[in-house]
Structure formats: C-alpha cells, structure tokens
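In what follows, a single structure is set out as structure tokens and then discussed.
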Amino acid sequence: MTAHPTRQWVTQPDRNLVMDLQDAGSSARFLIRDQDATFTMVFDAVLTDAGVGYRG
C-alpha cells in the first residue's frame, strides 16, 4: 500500500499477479478497475498479454 501510487508502482503488482496466477496454474478472466490515470497502457498491456479482459 502507498498513499501516492505511481504508474510504475501500479504496474508491478499487476505483473506479479499474472505471474502468481500462472505459477498456480490458474488465470483470471476479468479485472474491474477504475479510470485512475495511474492505470496506463502498460498496465492494460500486461493484462491483455495474459488474456485478461478488463472493465474500467
């Protein structure tokens, strides 16, 4: 947790989640998130590459 998340800070846990799910032999189909500016195209690309759809 952080009071002031940056774009890089938000994207790293995204990558970690994808890796953890793959290691567990699982996957996510959807992620629901808000339209905060810290969720960048890089964040979205990590999810898209993992086959996760998202709704903002």
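Just so we're aligned, residue 13 is where the sequence shown starts under this note's numbering, counting upward by one.
A virtual CB, placed ideally from N, CA and C, is assigned to each residue, including glycine.
Return the chain-ordered list of same chain residues with a C-beta closer than 8 Å to the C-beta of Val58, the five sequence neighbours on each side being excluded. Thr23, Asp26, Arg27 and Val30
Verify whether the separation of the beta carbon atoms of Ala49 and Val64 is less than 9 Å. no
Residues in the same chain with beta-carbon distance under 7 Å from Met53, minus the five sequence neighbours each way, listed in chain order, please. none
Taking just the CA atoms, how far does Phe51 sit from Arg19? 7 Å
Residue from Asp32, Asp46, Arg45 and Gln47 with nearest C-alpha to Ala62: Asp32
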